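All remarks here apply to the structure that follows.
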Amino acid sequence: MKKILSILFLSLLGAAAFSQQAPEEANVSPALSKAFENDDPKLELQRLQGKKNQLEVRLTELKNAAASDSTEINRVEGLIKYLDVKIEAVENYLSSVEYAKQNGMPEQGSMTDEEYQIKFQEWKKQQAENENKQEGEVKTTLTREEFNKLPKERQDRILSMPDRYTIID
């Protein structure tokens with residue numbers, strides 16, 4: 053009975069130790085990754101870079117220490133890799149927001165992916181309609197002599213549509 057309990061205890065202890073070591077390819081839960089983040093992406097980027105700098109200092113201390121533990125070094129290196137990925141994601145987000153502002157595109161912000169896709173499709177339709185209007189509104193250029201040769205009613209109609217006709221002297 054004691055052997056069974058000791059084997060059970062050791063297997064549970066091993067499972068707990070294994071569950072705390074996440075493989076490098078493992079994705080962190082989105083809810084967990086959002087737990088302590090700032091709302092402002094620029095502040096979040098500064099926070100992440102500060103944490104990365106602290107971990108790099110800790111890593112150099114561990115590597116310089118003679119009696120350092122290799123598992124601790126591996127853990128700190130894993131945390132630095134994780135922060136690199138998070139920093140890259142925040143930088144990509146910042147660059148995409150800037151791109152969206154420059155091009156007048158909608159920003160995702162706190163919208164869900166579905167809401168953003170709907171808003172983005174509406175924006176695309178609006179852009180297509182604006183292009184069609186611009187293509188349909190080709191201005192016609194007339195010289196003053198050509199304009200004077202036209203009949204009076206045609207001249208009046210041209211003068212009533214300055215957005216479609218330009219008269220050059």
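Taking the numbering used here, the leading residue of the sequence shown gets 53, the next gets one more, and so forth. Quick reminder that beta carbons are idealized off the backbone N, C-alpha and C, glycines included. Here the structure is a predicted model, which is why all the values come from computation and not from measurement.
Item, Value
"Secondary structure of T123, DSSP reduced to three states", "helix"
"Cβ pair I132, E108 closer than 8 Å", "yes"
"Top-ranked residue by Cα proximity to K94, from A117, T218, I139 and E129", "I139"
"Proximity of L146 and V128 at Cβ, strictly below 8 Å", "no"
"Residue range of the alpha helix (DSSP H) that includes T112", "P93 to N116"
"Proximity of A137 and L100 at Cβ, strictly below 8 Å", "In the sequence as presented, Ala is not what sits at residue 137; that position holds Val. Result no, Cβ atoms of V137 and L100 do not sit closer than 8 Å."
"Whether I220 touches T195 by CB criterion (8 Å)", "yes"
"Extent of the continuous alpha helix (DSSP H) run through E202", "First, the residue type needs correcting, since residue 202 is Leu and not Glu in the sequence shown. First-last for L202: undefined, no H or E at that position."
"Backbone CA spacing between G130 and Q160 [nearest angstrom]", "30 Å"
"CB contact flag (K171, L135, <8 Å)", "no"
"Contacts around T218, its chain only, beta-carbon distance under 6 Å, and the 5 residues preceding and following it disregarded", "K191 and T193"
"Which of helix, strand or coil DSSP assigns to A74", "The pLDDT assigned to A74 is 46, lower than 50, so where the model puts this residue is not dependable, and the model offers no usable value."
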